[in-house]
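Undergrad: In my numbering, the protein residues as written are 1 to 227.
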């Protein structure tokens, strides 16, 4: 449903599209995990700027901005800006995805009655639904872009995310590339497509830069202590 190109320009464009929507841009969404389903997982407590006990997807049109930035809907798609029912259903899916994905990273196959498998059952149930119907739309410039036949239903958007999760979790090659950020205070999960699969951080520009700055400060402090 949604493209997840590794091109930084594509990620920046989608982030800008999300931030350009009306409402306070308190949450600057990042779409750099490599998968749609992991982008949703990243809106949990590891989301940049999240306030404890403050749901990042609730209120101020945040869910709408995320849906646009994730590529699930084109800008201008009529959506309920702050519908609590939509937010609840997306956060429930996020919780199920988090359980399943973290269990895979830990290498712990879940027993049939384990929470991760209960979450997997729910993901599978949502994935069985149909995603929003799409069509090709020609822009004034002549370029064809993806559009929707009609305003999407919540269940259709959930199905698109859940299907992406099923594809990820059942692809051994991609599943083996799942990583969790080593940055301090960050638990973002991402697909490591770097050469040699040696990427340590969800983003070199964010957590990687923080680590480099912290390392520089430690060295400077140590040098000062020796003088």
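All residues carry an ideal CB built from backbone N, CA and C; glycine is no exception. Model, not experiment: these values are computed from the prediction.
Given residue 199, which residues of its chain have a CB within under 6 Å of its CB, disregarding the five upstream and five downstream residues?
TA: In the chain shown, residue 199 corresponds to position 199, counting from 1. Closer than 6 Å at the Cβ level, and outside the excluded window around residue 199, lie 192.
Undergrad: When you compare each of 227, 35, 98 to residue 171 by their alpha carbons, which one comes out closest?
TA: As a working mapping, residue 171 is identified with position 171 in the chain shown. With distances taken between Cα atoms, residue 171 lies closest to 35.
Undergrad: Mind checking residue 39: buried by the 16 CB within 10 Å criterion, or exposed?
TA: For the purposes of this step, residue 39 is identified with residue 39 of the chain shown, where counting begins at 1. By the 10 Å Cβ count, residue 39 comes out buried.
Undergrad: Given 8 Å as the limit, is there contact between the segment 160-171 and the segment 126-137, that is, 3 or more CB pairs closer than that?
TA: yes
Undergrad: Taking the Cβ atom as the reference point for each residue, do residue 188 and residue 181 lie within a distance shorter than 8 Å?
TA: Indexing the chain shown from 1 puts residue 188 at position 188. Indexing the chain shown from 1 puts residue 181 at position 181. Result yes, Cβ atoms of residue 188 and residue 181 sit closer than 8 Å.
Undergrad: Mapping the DSSP letters down to three states, classify residue 64 as helix, strand or coil.
TA: Residue 64 sits at position 64 when you count from the first residue of the chain shown. Correct three-state label for residue 64: helix.
Undergrad: Give every residue of the same chain whose Cβ lies closer than 6 Å to the Cβ of residue 100, excluding the five residues on either side of it in the sequence, and list them in chain order.
TA: In the chain shown, counting from the first residue as 1, residue 100 sits at position 100. Its chain contains 116, 119, 120 as the residues whose beta carbon lies nearer than 6 Å to that of residue 100, once the 5 sequence neighbours on both sides are disregarded; these appear in chain order.
Undergrad: Which two residues bound the contiguous beta strand (DSSP E) that contains residue 191?
TA: Here the question's residue 191 lines up with position 191 in the chain shown. Residues 189-191.
Undergrad: Based on DSSP bridge pairs, tell me the residues matched to residue 179.
TA: For the purposes of this step, residue 179 is taken as residue 179 along the chain shown, with counting starting at 1. DSSP output for residue 179 lists 190 as bridge partner(s).
Undergrad: I need the boundaries of the alpha helix (DSSP H) containing residue 100, first residue and last residue.
TA: On the chain shown, residue 100 is found 100 positions in, with the first residue counted as 1. 84-106 is the extent of the alpha helix (DSSP H) around residue 100.
Undergrad: Buried or exposed: where does residue 207 fall if 16 or more other Cβ atoms within 10 Å of its Cβ makes it buried?
TA: Sequence index remark: in the chain shown, residue 207 carries index 207 (1-based). Buried is the call here.
Undergrad: Hey, could you find the ends of the alpha helix (DSSP H) residue 162 is sitting in?
TA: What you label residue 162 is simply residue 162 of the chain shown in a count that begins at 1. Going by DSSP, residue 162 is part of the alpha helix (DSSP H) stretching over 154-169.
Undergrad: Look at the alpha carbon of residue 156 and the alpha carbon of residue 124, and state the distance between them as a whole number of angstroms.
TA: Your numbering for residue 156 matches position 156 in the chain shown. Your numbering for residue 124 matches position 124 in the chain shown. Whole-angstrom Cα-Cα distance: 14 Å.
Undergrad: Under the DSSP definition of a beta bridge, which residues are partnered with residue 174?
TA: The residue you call residue 174 lines up with position 174 of the chain shown. Paired residue(s): none; residue 174 is not in a bridge.
Undergrad: Run through DSSP, which three-state label would residue 40 get?
TA: Taking the first residue of the chain shown as 1, we reach residue 40 at position 40. Residue 40: helix per DSSP, three-state reduction.
Undergrad: In terms of residues, what are the limits of the beta strand (DSSP E) holding residue 149?
TA: Counting from one through the chain shown, the residue named residue 149 turns up at place 149. Neither: residue 149 is in no beta strand (DSSP E) and is coded neither H nor E.
Undergrad: Restricting to Cα atoms, I'd like to know which of 202, 167, 37, 92 is closest to residue 72.
TA: The residue given as residue 72 occupies position 72 in the chain shown. Answer by Cα proximity: 37.
Undergrad: Given this structure, state the Cα-to-Cα distance separating residue 56 from residue 86, to the nearest angstrom.
TA: On the chain shown, residue 56 is found 56 positions in, with the first residue counted as 1. On the chain shown, residue 86 is found 86 positions in, with the first residue counted as 1. Near 13 Å, if we compare the C-alpha coordinates of residue 86 and residue 56.
Undergrad: Where do the N-terminal and C-terminal ends of the alpha helix (DSSP H) with residue 122 fall, by residue?
TA: Working through the chain shown from its first residue, we reach residue 122 at position 122. Run containing residue 122: 115-127, per the alpha helix (DSSP H) assignment.
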